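Chains as they are written, first to last, in this note's numbering: chain A, 1 to 455; chain B, 1001 to 1314.
Every residue gets a Cβ at the ideal spot worked out from N, C-alpha and C, and that includes glycine.
Fair warning: this is a prediction, and the values are worked out from it, not measured in the lab.
Report on the following structure.
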């Protein structure tokens, strides 16, 4: 009897345990499902946030300047959030929603330097319409990157007098040094030579492939350094080789600035010998070295038909919106988290059906190399979990047919509109991130997201 | 020829820098004499400078923690260099927070005074800064030009008013005239006068006090004694003004009317240059005037003496 009871008990327990196991397995499965859903939401949200960031960045006020020798270029970008009030009127007939003009910088400091509470001053500045000007420089493609607080760089350059023109930055894996550069000449013997060096450890980020000597104009850089220091921003230094430009950039939530400087092509450079295809070298008074100029592109935005292959996306766009792209040149926006300030421009080949970046100097970015415009909905699927900065290149391609200099609020609404078209099936809606539903003045299509962006 | 010095104390470095900055404001180039005990910045009066001369003496022990030098030879144990003090000043100003600053004579692309500093950092490896200041070595045969100027046979010696006040006055006078007359007497009075066709302006200073001759000598002697060397060569002492033994004790004051002014007309820019350069209030500031010949300004700090001679112009 006891044995029988015992056996019964054991079998009961067994059943119970099995039931529990099943229950737990079910629970587990449920939790896994929930976890996946949440992960999906998080992914979408981060894609959305990144994209929103890029969109906000695309709408901007850009101040650009270049010196007469084309050896120094500066670009300051301000997002509308920087301003109390930012409105782009209907003044532009170009249809691109952007205004490109030239201003005399002389008046700017006077206007901007005195702010008195309680007084509203209105200044009317004359301007000339002009073409937008940008440096052709893919700073994110530079193999060598240094990043340091502005304070460190200021401490480095303070050893040199304000009158010091050129400076040589010497980089090796063990040492970073700065010394003043003086060309051979009558003053060579009388000049005071200064050199300061420090350990790469002092930099926040230090990535240097080969030993390198870069000579550039220090005077042009001081402005950015003091700007960065006053805002306590870290400075990124991107460079590839002597003779190629070096880019110093800073970035903040609402603004970004970069200065691109030409560097000397030094025949005695320690680095690997540079191939002949340097940027349009301009011979100077120097004997052995020549200063490579920074090549500049001007964009001409005009109202023309786009001759690219008409995907669903484009057709839909044409029906509802005005043409934005131009035939001769199109801009591929190559975002890079740390450097939204520099745009890479290429030219469209009207014959081929696809936009291409064909500028000889730039290494083509893999994702944009002759690839067709991808149907946007596919892009909006949650992207694989990678941290590659050019993940957003793919999103950027959806904008390939847009002119991006400088984008206006029209483009933002366009992006939203384009993705919320009737063409998308319901199935898509639920998988699309929020941005598919947000637009200027249109009703929201999904409720599960808090906080609409206001454009 | 070898020279190597090291400064580790931040106050010494600061003081040293300020002295060199003062010198740099007085002259574009000058001679630096390095002796076992002193550093001397010398400018010998030349017509091109308007005849001003300068003598600035620092006692090395008050600044350097380590100091080693080997002169041209054992008899002439000295180094004479022509240098641009502004370069030295600029180099030193950037390294004020250094852990240690070394000054050495080196040969780079040319003879240089190299200022090498180690700067503090958060990382394990210090930052290193080097400044190579080019110099010209002055050959021995020219050394006689750079001897300490002898104390002139002055007529009046008076303490200067506060330098800042003097500077303000001279700055304003410079707008009106290129020449200024400095006059003083043994009653502690000094006047600064300018005169043009349209206007004449005089600023009067009273109760300045007059250093007795003996005191003046003693002060200069004290300074010489600050150097650690025990032997005092006779050339180190300024010669006493000539005169009979009776008048030695009281100096010129004995035979001179205390109210009588001794004056000298000088280029106002030279005086302004001297006043502009002063960065620290000296412990003693005085002026000797040789009537219509020269104005001799002396500033004494704890460890530095500066003498500046401005010749009178007609």
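Check each residue of the region 186-207 of chain A: if its Cβ is closer than 8 Å to any Cβ of chain B, include it; give the result in chain order.
Listed in sequence order: 188, 189, 190, 191, 192, 193, 194, 195, 196, 197, 198, 199, 201, 202.
From the DSSP output, which residues share a beta bridge with residue 1054 of chain B?
Partner(s): B:1043, B:1308.
Beta-carbon separation of residue 1263 of chain B and residue 1291 of chain B under 8 Å?
Less than 8 Å separates the beta-carbon of residue 1263 of chain B from that of residue 1291 of chain B.
Could you name the residues of chain B that residue 149 of chain A contacts, counting a contact when the two beta carbons are closer than 8 Å?
In chain B, no part has a C-beta under 8 Å from the C-beta of residue 149 of chain A; the shortest such distance is about 11 Å.
Taking contact to mean at least 3 C-beta pairs separated by less than 8 Å, is the region 1081-1101 of chain B in contact with the region 1123-1140 of chain B?
Yes, since at least three Cβ pairs between the region 1081-1101 of chain B and the region 1123-1140 of chain B fall closer than 8 Å, the two stretches touch.
Among the candidates A:202, A:128, A:182, A:143, whose CA atom is the shortest distance from the CA of residue 246 of chain A?
Residue A:143 is the option with its Cα nearest to residue 246 of chain A.
Would residue 1107 of chain B pass as a contact of residue 1120 of chain B if the rule is Cβ separation under 8 Å?
A distance of 8 Å or more separates the beta carbons of residue 1107 of chain B and residue 1120 of chain B.
8 Å Cβ cutoff, residue 1315 of chain B in contact with chain A
Because chain B is modelled from 1001 through 1314, residue 1315 of chain B falls outside the range shown and cannot be assessed.
CA-CA distance, residue 14 of chain A and residue 24 of chain A?
Taking the straight line from one Cα to the other gives about 15 Å.
If you follow the alpha helix (DSSP H) that residue 1164 of chain B is in, where does it begin and where does it stop?
First-last of the alpha helix (DSSP H) with residue 1164 of chain B: 1163-1174.
Between A:232, A:242, A:238, which lies nearest to residue 253 of chain A when the distance is taken from Cα to Cα?
Considering only alpha carbons, the answer is A:232.
Residue 338 of chain A versus residue 251 of chain A - alpha carbon distance:
Here residue 338 of chain A scores only 25 on pLDDT, less than 50, and its place in the model is too uncertain to base an answer on.
Taking the straight line between their C-alpha atoms, what separation do you get for residue 1045 of chain B and residue 1054 of chain B?
Residue 1045 of chain B and residue 1054 of chain B have their C-alpha atoms some 8 Å from each other.
The region 156-167 of chain A: which residues have C-beta closer than 8 Å to a C-beta of chain B, in chain order?
Within the region 156-167 of chain A, the qualifying residues are 158, 159, 161.
Return the chain-ordered list of same chain residues with a C-beta closer than 6 Å to the C-beta of residue 430 of chain A, the five sequence neighbours on each side being excluded.
For residue 430 of chain A, the predicted model reports a pLDDT of 37, less than 50, meaning its position is unreliable; a value from the coordinates is still stated below. Closer than 6 Å at Cβ, skipping near neighbours: no residue.
Name, please, each residue of chain A whose Cβ falls closer than 8 Å to the Cβ of residue 1141 of chain B.
Against residue 1141 of chain B, chain A offers no close residue; the least beta-carbon distance is about 23 Å (beta-carbon pairs closer than 8 Å).
Using beta carbons (cut-off 8 Å, strictly below), is residue 1120 of chain B in contact with chain A?
Between residue 1120 of chain B and chain A, the shortest Cβ-Cβ separation is not below 8 Å.
Rank A:9, A:174, A:172, A:157 by C-alpha distance to the C-alpha of residue 166 of chain A and give the top, closest one.
The candidate whose alpha carbon is nearest that of residue 166 of chain A is A:157.
Output, in sequence order along the chain, the residues in the region 1122-1151 of chain B whose CB is closer than 9 Å to any CB in chain A.
Within the region 1122-1151 of chain B, 1122, 1123, 1124, 1125, 1126, 1127, 1128, 1129, 1130, 1131, 1132, 1133, 1134 place their CB atoms closer than 9 Å to a CB of chain A, listed in sequence order.
The alpha helix (DSSP H) spanning residue 1022 of chain B covers which residue range?
Run containing residue 1022 of chain B: 1010-1026, per the alpha helix (DSSP H) assignment.
By a C-beta neighbour count over all protein chains shown, 10 Å radius and 16 as the cutoff for buried, is residue 74 of chain A buried or exposed?
Around the beta carbon of residue 74 of chain A, 16 or more other beta carbons sit within 10 angstroms, so the residue counts as buried.
With three or more beta-carbon pairs closer than 8 Å as the criterion, would you say the region 1266-1284 of chain B touches the region 1019-1028 of chain B?
The answer is yes - the region 1019-1028 of chain B touches the region 1266-1284 of chain B, with three or more Cβ pairs under 8 Å.
Cβ-Cβ distance between residue 261 of chain A and residue 205 of chain A below 8 Å
Not in contact: residue 261 of chain A and residue 205 of chain A (Cβ atoms no closer than 8 Å).
Using 10 angstroms around the beta-carbon of residue 1027 of chain B, count the other beta-carbons present and answer buried if the total reaches 16, otherwise exposed.
It counts as buried.
Inspect the beta-carbon positions of residue 121 of chain A and residue 236 of chain A and report whether they are closer than 8 Å.
With contacts defined by Cβ atoms closer than 8 Å, residue 121 of chain A and residue 236 of chain A do not form a contacting pair.
Kindly identify the DSSP beta-bridge partner or partners of residue 170 of chain A.
Per DSSP, A:177, A:213.
Against chain A, does residue 1090 of chain B count as a neighbour if the rule is that its beta carbon must be under 8 Å from one of theirs?
Contact with chain A is found for residue 1090 of chain B, since one of that chain's Cβ atoms lies less than 8 Å from the residue's Cβ.
May I have the straight-line CA-CA distance separating residue 78 of chain A from residue 48 of chain A, to the nearest angstrom?
Approximately 21 Å between the Cα atoms of the pair.
The beta strand (DSSP E) with residue 1194 of chain B in it runs from where to where?
The continuous beta strand (DSSP E) containing residue 1194 of chain B extends over residues 1190-1195.
Buried or exposed: which applies to residue 242 of chain A, given that a residue is buried once 16 or more other Cβ atoms fall within 10 Å of its Cβ?
Per the 10 Å Cβ criterion, buried.
Assign residue 14 of chain A to one of three DSSP states: helix, strand, or coil.
The answer is helix: DSSP assigns residue 14 of chain A an H, G or I state.
For residue 1267 of chain B: DSSP bridge partner residues
DSSP lists B:1179 as partners of residue 1267 of chain B.
Helix, strand or coil at residue 21 of chain A [DSSP, three-state]
Helix at residue 21 of chain A.
Look at residue 1387 of chain B and residue 1032 of chain B and say whether their C-beta atoms are less than 8 Å apart.
There is no way to answer for residue 1387 of chain B, as the model of chain B reaches only from 1001 to 1314.
Given a threshold of 16 other Cβ atoms within 10 Å of its Cβ, counted over all protein chains shown, does residue 1209 of chain B qualify as buried or as exposed?
That one is exposed.
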